[in-house]
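Right, one structure below, let's go through it.
Residue numbers (full-length UniProt numbering): 1 to 139.
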């Protein structure tokens, strides 16, 4: 008996996308959408008490969609399941997320003030949604 794994094909990772003009012409995506996709992926993993431990531009995959490009966090080989606890066990992921945001936005010609505002806007929204869901689940 043979088993096969079928995975979706993505056109690029974030690192190659930022460095290659051809990919930027092929895949149209706003920086804010990349950060939103990464934060959604991290929020889902953190909701399941999983720390990724290998978040980097090479592990953020991009694919053309019908209307919008898709963003997916990949390579969970170094991820770990965290014990249930209050607070976040995921500070390392968040720190790397901030670095990726800076990498994306500075490369796109944004100022440091812009990327800090974007991080706050995108990730704060995800944290508030997660807190609200947690509150509703315990009520």
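Note that the Cβ used here is the ideal one computed from N, Cα and C, for glycine as well. Treat the numbers as computed from the prediction; the structure is a model and nothing was measured.
The residue among 6, 36, 16, 19 with its C-alpha nearest the C-alpha of residue 68 is 36. Residue pairing by DSSP places residue 73 opposite 60 in a beta bridge.
Contact between residue 61 and residue 52 is absent: CB atoms are separated by about 14 Å, not below the 8 Å threshold.
In this structure residue 7 is exposed. Its beta-carbon is surrounded by fewer than 16 other beta-carbon atoms within 10 angstroms. For residue 51, the pairing in a beta bridge is given by DSSP as 80.
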